[in-house]
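Protein chains in written order, with the numbering used here: chain A, 88 to 329; chain B, 609 to 1027. The next block holds one structure in the form of structure tokens; read it before the comments.
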């Protein structure tokens, strides 16, 4: 799969008339008329829990496919890809940071960071083009995220603080420069000063790597840190109930 | 496949429970293959209780019955074989050697057989092994005895001890041939066959102790001492059976027909190997039951593996979601689990075999000394390899269930991490 490396003016994400219903639900959880996010944008997607954020993320990452409408990520209609095709697309082009417990406990910090390169050749090649080895590129990212302390590197990952764990997760999402970084409430387990510091680090790195950042949270106070805010309840036409 | 090193590290992370699972599989494999090996060796040793003997000749009866009394000294012969017929058959040009045996007496419950020195020369058991003397020499005089290893060990006899032969085969006998004691001149090495349980004396000795007996009872006032007996004619009138070796195996069936159609008296000739296999079919059920039970132990081991994997799955949902988020495909998640099951059973099988060989090496002398069972430390047989393959396959199949669940979970959970 060959992809244009330079950021294109075309939108990173475009949705039109997209609807999705979970197999167990009676009504659609998500119904969006139109949504577009430009490449390189840093967007805050805000909404209380249950407003369809997780559903939107599952569609954007290709875990689920929309029941109707058109969903394009990086110009690809990913709903039309096969299951394996969507998995490959996700591992090549999307980095994900979860709310908490992002790390695999039996892998070292560097192994956790280089994990996506095991599954995506594209990201491995990109990482290798930046650093000489995957380990060096991981260390470079960790250093950018203020985790360059040698003592930290050799500690089991579950001994790291939550903030440190989230920064390792950020490095993992960033390695191999995926076009889109999705952060799903990554700061909810951090206190306020660390929260801002984490977001600043993440923004800076996304800008440096040229990625599009989708930051999802229920916390409206974070909105000032981003280029643009999308209030999901305002655009989701589905009658949402949990 | 990028997932395999991860599977290994994940397993190492859960090394304690993995080790227990591994151990239970290894032990069940040791048991299964061990039982199979003992079963095979028991079969081999049983069907080779007599080897190298082409035919056993006795009075007309069924082949298992003749085998039982002539080889295992169980039961009593319906009739005898006359010395004249024995002499005539033994003189046939196809016959290479014969061993006459005469039964009916016992010593403390152990059968006493009368025979001649050809017994020590021609009798073979197991893999054509010859009888060996642990101590002493074959009998030579009329009142000399050679003991089986078990008889000597259980009753604590030494060389030159005197033993009294009792009339009849029971442990408690009211008529003792106590006027003519026998001197122990030899003790045989252990064979793992009925020979171990037997007291051997010369045919002439059997005749001597029955001098003055009529109709199976001693005549009062006609007791004869050993010295007096030696002056009498001790040629037997009858023997119980004869082991026959032929010059050529090709003549076996022809000679068997001659014996079975013998005019002077009704006789039966059996092929001991065939009769032993027929007998094994009767008593071999026990071994089959044993193998079945150890098969169930393996099933328990596999169920243990299944339990460990299944309980692990829910605890590892987060791990699976993280792997999915970095691009692992659902089938790779499933492969992670099946790979783990396969790896554990394969390693368990190898460990179990290693344990078996250690036990064999350590237990071989004990098994031979106590059970008379020779357990060779040899390469696994095809049957054993098939059993091992079956175990690993069962492990892989057991892995399908948790793998399917992990696969379903990873599809349903998607990107969300559930705790």
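Ideal Cβ placement from N, Cα and C applies to all residues, glycine included.
Residue contact with chain B for residue 154(A): absent (no Cβ-Cβ distance below 8 Å to any residue of chain B).
Using a Cβ distance threshold of 8 Å, residue 960(B) and residue 633(B) count as a contacting pair. The C-beta distance from residue 899(B) to residue 644(B) rounds to 6 Å, short enough to fall under 8 Å.
The beta carbon of residue 1013(B) sits no closer than 8 Å to any beta carbon of chain A. A distance below 6 Å between beta-carbons, with the five flanking residues on each side excluded, links residue 706(B) to the following residues of its chain, in chain order: 698, 850, 852.
Residue 948(B) does not reach chain A, its nearest Cβ partner there being about 13 Å away, counting only Cβ pairs nearer than 8 Å. Here residue 785(B) carries a coil assignment [DSSP, helix/strand/coil]. Cβ neighbours of residue 1014(B) within its own chain (closer than 7 Å, five residues either side excluded): 921, 928, 941, 942, 945. In the pairwise beta carbon analysis, the stretch 318–326 of chain A is classified as not touching the stretch 146–158 of chain A: fewer than three pairs are separated by under 8 Å. Against residue 621(B), the close residues of chain A are 192, 193, in the order they occur along the chain (beta-carbon pairs closer than 7 Å).
For the stretch 913–939 of chain B, the beta-carbon criterion of a distance under 9 Å to any beta-carbon of chain A is satisfied by 926, 927, 929, 930, 931, 932, 933, 934, 935, 936, 937, 938, 939. Within chain A, the residues 193 have their CB atoms less than 7 Å from the CB of residue 618(B), given in chain order. Boundaries of the alpha helix (DSSP H) around residue 215(A): 208–217.
Fully contained in the stretch 946–1022 of chain B are the following alpha helix (DSSP H) runs of length 4 or more, in chain order: 990–1021.
Taking 8 Å as the threshold, the shortest C-beta distance from residue 233(A) to chain B does not fall below it. In the DSSP assignment, residue 652(B) falls within the unbroken alpha helix (DSSP H) covering 623–655. The beta-carbon of residue 174(A) is placed less than 8 Å from the nearest beta-carbon of chain B. For residue 682(B), no beta strand (DSSP E) segment is defined, and its DSSP state is neither H nor E. A straight-line Cα-Cα distance of about 7 Å links residue 249(A) and residue 277(A).
Ranked by how close their Cα comes to the Cα of residue 98(A), the residues 167(A), 128(A), 111(A) have 128(A) in first place. Look at the stretch 117–137 of chain A: it has no residue with a C-beta under 9 Å from a C-beta of chain B. By the rule that beta-carbons nearer than 8 Å mark a contact, residue 276(A) does not touch chain B. Put simply, the stretch 931–941 of chain B touches the stretch 192–207 of chain A. At least three CB pairs are less than 8 Å apart.
For the 8 Å CB-CB criterion, residue 918(B) and residue 949(B) do not form a contact. Under the 8 Å criterion on CB atoms, residue 206(A) is classed as interfacial with respect to chain B.
Secondary structure at residue 188(A): coil, using DSSP grouped into helix, strand and coil.
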